[in-house]
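Undergrad: My questions will all concern the structure given below.
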Amino acid sequence: MSVAVVVGMQWGDEGKGKIIDLFSEEADVIARYAGGHNAGHTIVFDGNQHILHLIPSGIFHSGKLCVIGNGVVIDPAALIHEMDLLKKANI
Numbered sequence: 001m002s003v004a005v006v007v008g009m010q011w012g013d014e015g016k017g018k019i020i021d022l023f024s025e026e027a028d029v030i031a032r033y034a035g036g037h038n039a040g041h042t043i044v045f046d047g048n049q050h051i052l053h054l055i056p057s058g059i060f061h062s063g064k065l066c067v068i069g070n071g072v073v074i075d076p077a078a079l080i081h082e083m084d085l086l087k088k089a090n091i
């Protein structure tokens, strides 16, 4: 079993979400372990743009287990809003 970890060494806006999206195609589990909903990453899936703040970008790949770890600061309203947007997009 191999593990890939993406860690930012600056204060954000480093492109971590884009790299994780590329890795998530081959991964079985995609986990977010820290942070909050203050920043987002933009994913283009099936020609549509989606902005995620809390949910791991692996959600766009079927058969993946996406985990939000206990180190993530969750705003329940923001999480529900993000889930509703994904549901409306049939994801």
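Per full-length UniProt numbering, the sequence shown starts with residue 1, numbered consecutively.
Ideal Cβ placement from N, Cα and C applies to all residues, glycine included.
What you are looking at is a predicted structure, and each value in this text was computed from that prediction instead of being measured.
Exposed or buried, what is leucine 52 when buried is set at 16 or more other beta-carbons lying within 10 Å of its beta-carbon?
TA: buried
Undergrad: Exposed or buried, which one is glycine 17 when buried takes at least 16 other CB atoms within 10 Å?
TA: buried
Undergrad: Are leucine 22 and histidine 37 close, meaning C-beta to C-beta below 7 Å?
TA: no
Undergrad: Which word fits isoleucine 80, buried or exposed, when buried means at least 16 other C-beta atoms lie within 10 angstroms of its C-beta?
TA: In the assembly as shown, isoleucine 80 is an exposed residue. Its beta-carbon has fewer than 16 other beta-carbons within 10 Å.
Undergrad: Pick from Lys88, Ile74 and Gly63: whose alpha carbon is nearest that of asparagine 48?
TA: Lys88
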